[in-house]
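Each protein sequence line maps, in turn, to chains R and D. According to this note's numbering, the first sequence is numbered sequentially starting from 1. According to this note's numbering, the second sequence is numbered sequentially starting from 1.
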Amino acid sequence: MLMLRDLQRAFVQGALSNAAPALIAEIIGAGIAPEHRLAIYRNNAVEGFLKTLQATFPTIVRLSGENWFRQVGRQYMHRHPSRSGNIHYVGEHFPSFLEAQLAGSSYEYFADVARLEWAYQEVLVAADHPSFELSALALVAPSDYGALTFSAHPAMRLVQSQFPVLAIWRANQPDAAPNERIALDQGSSRVLLIRREDHVELRELPPADFALLAALARGESLEQAAECAFEIDPQVALDATLGRIVSLGTLVDFTAPAKQ
Amino acid sequence: MRSTAHNVIRTPRPMPARAGIGLRAQHHEDLLRDRPDIGWLEAHSENYFADGGAQIDYLLALRELYPLSLHGVGLSLGSVDPLDRDHLWRLKRLVHLAEPALVSEHLSWGAIDGTHLNDLLPLPYTEEALQHMVTRVGELQDYLGRQVLIENVSSYLQFANAQLTEWEFLRTLAERSDCGLLLDVNNVYVSSQNHGFDAREYIAHIDARHVREIHLAGHSVNTHGDFSILIDTHSRPVSDAVWDLYAFTIARLGRVPTLIEWDSDVPALPVLVAEGHRADRFMEALHAHAA
Numbered sequence: 001m002l003m004l005r006d007l008q009r010a011f012v013q014g015a016l017s018n019a020a021p022a023l024i025a026e027i028i029g030a031g032i033a034p035e036h037r038l039a040i041y042r043n044n045a046v047e048g049f050l051k052t053l054q055a056t057f058p059t060i061v062r063l064s065g066e067n068w069f070r071q072v073g074r075q076y077m078h079r080h081p082s083r084s085g086n087i088h089y090v091g092e093h094f095p096s097f098l099e100a101q102l103a104g105s106s107y108e109y110f111a112d113v114a115r116l117e118w119a120y121q122e123v124l125v126a127a128d129h130p131s132f133e134l135s136a137l138a139l140v141a142p143s144d145y146g147a148l149t150f151s152a153h154p155a156m157r158l159v160q161s162q163f164p165v166l167a168i169w170r171a172n173q174p175d176a177a178p179n180e181r182i183a184l185d186q187g188s189s190r191v192l193l194i195r196r197e198d199h200v201e202l203r204e205l206p207p208a209d210f211a212l213l214a215a216l217a218r219g220e221s222l223e224q225a226a227e228c229a230f231e232i233d234p235q236v237a238l239d240a241t242l243g244r245i246v247s248l249g250t251l252v253d254f255t256a257p258a259k260q
Numbered sequence: 001m002r003s004t005a006h007n008v009i010r011t012p013r014p015m016p017a018r019a020g021i022g023l024r025a026q027h028h029e030d031l032l033r034d035r036p037d038i039g040w041l042e043a044h045s046e047n048y049f050a051d052g053g054a055q056i057d058y059l060l061a062l063r064e065l066y067p068l069s070l071h072g073v074g075l076s077l078g079s080v081d082p083l084d085r086d087h088l089w090r091l092k093r094l095v096h097l098a099e100p101a102l103v104s105e106h107l108s109w110g111a112i113d114g115t116h117l118n119d120l121l122p123l124p125y126t127e128e129a130l131q132h133m134v135t136r137v138g139e140l141q142d143y144l145g146r147q148v149l150i151e152n153v154s155s156y157l158q159f160a161n162a163q164l165t166e167w168e169f170l171r172t173l174a175e176r177s178d179c180g181l182l183l184d185v186n187n188v189y190v191s192s193q194n195h196g197f198d199a200r201e202y203i204a205h206i207d208a209r210h211v212r213e214i215h216l217a218g219h220s221v222n223t224h225g226d227f228s229i230l231i232d233t234h235s236r237p238v239s240d241a242v243w244d245l246y247a248f249t250i251a252r253l254g255r256v257p258t259l260i261e262w263d264s265d266v267p268a269l270p271v272l273v274a275e276g277h278r279a280d281r282f283m284e285a286l287h288a289h290a291a
């Protein structure tokens, strides 16, 4: 007779693989073989996992087809079984799993599309935060601008890809026009995802805007972030760029350097 | 839409002895617009664990229109793993925000060594498991500062080392931990068919003083060659056999808030409301007989 901990270990092992001899001996048959009874739980675990994964990555399902998705989803579940009682987290490692699986193939762009879809899910449930007006910076001495750091909106994410992932995502939404052709080499993508009231807005940012915002979101100072933007575009008008990313609601607060 | 009044202190609206329906995201708009005549709503707690966004706003808006119950599916109370502190904290935050009339969890487990099956798995009905559940329910009630209800689950297997029946396990758990019971009549029926026990005997052994809520749901039949097994799918109307068992149950227990659960292949809201009204008619008939 197994104690509770050993029984639970044998059960999870038996539900995630096919071998569970220690557990089978603990199950009452009564008309239905213990193996068949355990198989119901095995099936529930797999189907529940795949259903949530499919709901999290609908664009990947559409691009790959359901059969491929379910097959790869099972491999993913084997490698990254759920680690939370909240099943909504199961997709967390799927983009990097796809990247490793598909590296070098003509489907390697799936990983970045999956990154966009995971970012979308994160933005949906992230915290609210009041927005911030650029005019608040009037309180900061101009000599301190370079050392300013900013806080990004909690419900904002940035996704960058060598593939046109936003165009791919849009073309695979339920309300998209059918049969749009997208060339994988038509250009890279720098996507801002941000929640507005009750929906998620996705938009392409100009390369220098994206570089500035990404650096500020990482916690770099305005001076360091400006260097990132200049690397992309030596002609960039920094105040206009900062004005645009603030007006998009991407930054919610700033910290001025402490006075010496 | 935006919520505004997260910090307003409100009194939980008591749960009426009427039928309620399970709250699903696809019905949020319809409920707010049509405001159907239904006694209360029950939300899966984990669906509203978000830090922000539209879902929690909908819940708080609906909370102004209907009494609310929060029903957890992922806490894994019966697991020997420690309780997940983040999960507990999110549940407590949601209870604080939504002020539900009832909070419930399951007599089940779902994880070991941090690996989750995200399912409501059966416990062995041993003294060891009973003591474990008493401790866990006590921890949860202490943390939330309120009573929780514990629900019997459908099961597809039983363990040979059981020392108690499920109803003995539930009754003793309620007595030792001061939790309430959420009696799922469909789950009693499904398990009785899968294990060959008498569902009415089970119900007859439930102490009416413990039961604060009843669940009703539809199930499916899986046939494998020469045997069938009932699966608790929540994807169909309540079966006639379960309505019969429900009538037997409320004849013993009296009127109890009764939830219609339908969370897979979810129908249009009016279909769900009509199923709730059917449960209301069972309770009204009971009253007529008693008068």
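Glycine included, each C-beta is placed from N, C-alpha and C at the ideal position. None of these values were measured; they are calculated from a predicted model.
Quiz item: Once you ignore the five residues that flank D:E139 on each side, which residues in its own chain have a CB closer than 7 Å to its CB?
Solution: Here residue 139 of chain D refers to the residue found at position 139 when the second sequence is read from its first residue. Within the same chain, D:E139 has close Cβ partners L83.
Exercise. Verify the CB distance criterion: does R:F11 have a CB-CB separation below 8 Å to chain D?
Key: On the first sequence, residue 11 of chain R is found 11 positions in, with the first residue counted as 1. Yes, R:F11 lies at the interface with chain D (some Cβ there is under 8 Å from its Cβ).
Quiz item: Beta carbon of R:V200, beta carbon of R:V159: below 8 Å?
Solution: Here residue 200 of chain R corresponds to residue number 200 of the first sequence, with the count starting at 1. Here residue 159 of chain R corresponds to residue number 159 of the first sequence, with the count starting at 1. No, the pair does not count as a contact, with Cβ atoms beyond the cut-off.
Quiz item: Thinking C-beta only, is R:L50 closer than 8 Å to R:R79?
Solution: The residue you call residue 79 of chain R lines up with position 79 of the first sequence. The residue you call residue 50 of chain R lines up with position 50 of the first sequence. Cβ distance not < 8 Å, so R:R79 and R:L50 don't count as in contact.
Quiz prompt | Interface flag, D:A5 vs chain R, CB-CB below 8 Å | solution = Against the second sequence, residue 5 of chain D aligns to sequence position 5. Residue placement at D:A5 is flagged as unreliable, the pLDDT there being 45, under the threshold of 50; a coordinate-derived value is accordingly withheld.
Self-check item: Interface residues of chain R facing D:A129 [CB-CB closer than 7 Å]
Solution: Locating residue 129 of chain D in the second sequence gives position 129, counting from the first residue. Ordered by position in chain R, the residues that pass the 7 Å Cβ test against D:A129 are L4.
Exercise. Give a yes or no on whether the minimum CB-CB distance between D:R2 and chain R is below 8 Å.
Key: Translated into the one-based positions of the second sequence, residue 2 of chain D becomes position 2. Legend: pLDDT at D:R2 = 44, less than 50; position of this residue unreliable, value from coordinates given subsequently. Answer yes: the Cβ-Cβ gap between D:R2 and chain R drops below 8 Å somewhere.
Exercise. Reducing DSSP to helix, strand and coil, say where D:S220 ends up.
Key: Position 220 of the second sequence, counted from the first residue, corresponds to residue 220 of chain D. Strand.
Quiz item: Can you give the Cα-Cα distance for R:D112 and D:Q147, rounded to whole angstroms?
Solution: Translated into positions along the first sequence, residue 112 of chain R becomes position 112. Translated into positions along the second sequence, residue 147 of chain D becomes position 147. In a straight line, the C-alpha of R:D112 is about 46 Å away from that of D:Q147.
Quiz item: At a Cβ cut of 7 Å, what residues of the region 69-94 of chain D count as close to chain R, listed as they run along the chain?
Solution: G74, L75, S76, S79, V80, D84 and H87
Quiz item: DSSP state of D:F282, grouped into three classes?
Solution: Here residue 282 of chain D is taken as the residue at index 282 of the second sequence, counted from 1. Of the three classes helix, strand and coil, the one that applies to D:F282 here is helix, per DSSP.
Practice problem: Compute the Euclidean distance between the alpha carbons of D:H6 and R:R203, then round it to the nearest angstrom. | Solution: Sequence index remark: in the second sequence, residue 6 of chain D carries index 6 (1-based). Sequence index remark: in the first sequence, residue 203 of chain R carries index 203 (1-based). Low confidence applies here, because D:H6 scores a pLDDT of 48, under 50, leaving its location unreliable; read the following figure in that light. Going from the Cα of D:H6 to the Cα of R:R203 covers about 31 Å.
Quiz item: Nearest CA to the CA of R:Y109: which residue from R:S143, R:G219, R:P95 and R:Q121?
Solution: Position 109 of the first sequence, counted from the start, is the residue given in the question as residue 109 of chain R. Closest by alpha carbon: R:P95.
Quiz item: How is R:F132 classed by DSSP in three states: helix, strand or coil?
Solution: Against the first sequence, residue 132 of chain R aligns to sequence position 132. Coil at R:F132, not helix or strand.
Self-check item: Residues in the region 210-238 of chain D having any Cβ partner in chain R nearer than 8 Å
Solution: N222, H224, F227, I229 and I231
Practice problem: Taking D:E46 as the query, report the chain R residues whose CB atoms sit under 8 Å from its CB, ordered along the chain. | Solution: Reading the second sequence from its first residue, position 46 is the one you call residue 46 of chain D. The answer, in chain order, is G85, N86, I87 and H88.
Quiz item: Can you find at least 3 beta carbon pairs, one from the region 59-67 of chain R and one from the region 60-73 of chain D, that sit closer than 8 Å?
Solution: no
Quiz item: Looking at the structure shown, is D:W109 part of a helix, part of a strand, or coil, going by DSSP?
Solution: Against the second sequence, residue 109 of chain D aligns to sequence position 109. The answer is strand: DSSP assigns D:W109 an E or B state.
Quiz item: What is the residue span of the beta strand (DSSP E) that R:R203 lies within?
Solution: Here the question's residue 203 of chain R lines up with position 203 in the first sequence. Segment H199 to E204, the beta strand (DSSP E) holding R:R203.
Quiz item: Is the region 143-150 of chain R touching the region 161-173 of chain R, taking contact as three or more C-beta pairs under 8 Å?
Solution: no
Self-check item: Supposed close pair D:N152, D:D184 - CB separation, criterion 8 Å
Solution: By one-based count along the second sequence, residue 152 of chain D stands at place 152. By one-based count along the second sequence, residue 184 of chain D stands at place 184. Contact flag correct, Cβ pair sits at about 6 Å.
Quiz item: So is the beta-carbon of D:G74 under 7 Å away from any non-hydrogen atom of the ligand FMN?
Solution: Annotation note on the ligand FMN: not contained in the displayed structure, which lists no ligands.
Self-check item: Test: R:Q8 CB closer than 8 Å to a CB of chain D
Solution: Here residue 8 of chain R corresponds to residue number 8 of the first sequence, with the count starting at 1. Taking Cβ atoms only, chain D reaches closer than 8 Å to R:Q8, which makes this a yes.
Quiz item: So, using beta-carbon positions, are D:D280 and D:R18 closer together than 8 Å?
Solution: Stepping through the second sequence from its first residue, residue 280 of chain D is reached at position 280. Stepping through the second sequence from its first residue, residue 18 of chain D is reached at position 18. Taking 8 Å as the Cβ cut-off, D:D280 and D:R18 qualify as a contacting pair.
Quiz item: What in chain R is Cβ-close to D:F282, meaning under 9 Å?
Solution: Position 282 of the second sequence, counted from the start, is the residue given in the question as residue 282 of chain D. Simply none; closest approach about 30 Å.
Quiz item: Start and end of the beta strand (DSSP E) containing D:E42?
Solution: Translated into the one-based positions of the second sequence, residue 42 of chain D becomes position 42. Run containing D:E42: L41 to H44, per the beta strand (DSSP E) assignment.
Practice problem: Write down every uninterrupted run of the beta strand (DSSP E) in the region 51-111 of chain D whose length is 3 residues or greater and which is fully enclosed by it, in chain order. | Solution: 68-71 and 102-106
Practice problem: Kindly indicate the opening and closing residues of the alpha helix (DSSP H) around R:R244. | Solution: Taking the first sequence and counting its residues from 1, the one referred to as residue 244 of chain R is at position 244. Start and end: L238 to S247.
Practice problem: At 3 residues or longer, and completely inside the region 94-160 of chain R: list those beta strand (DSSP E) runs for me, N to C. | Solution: 149-152
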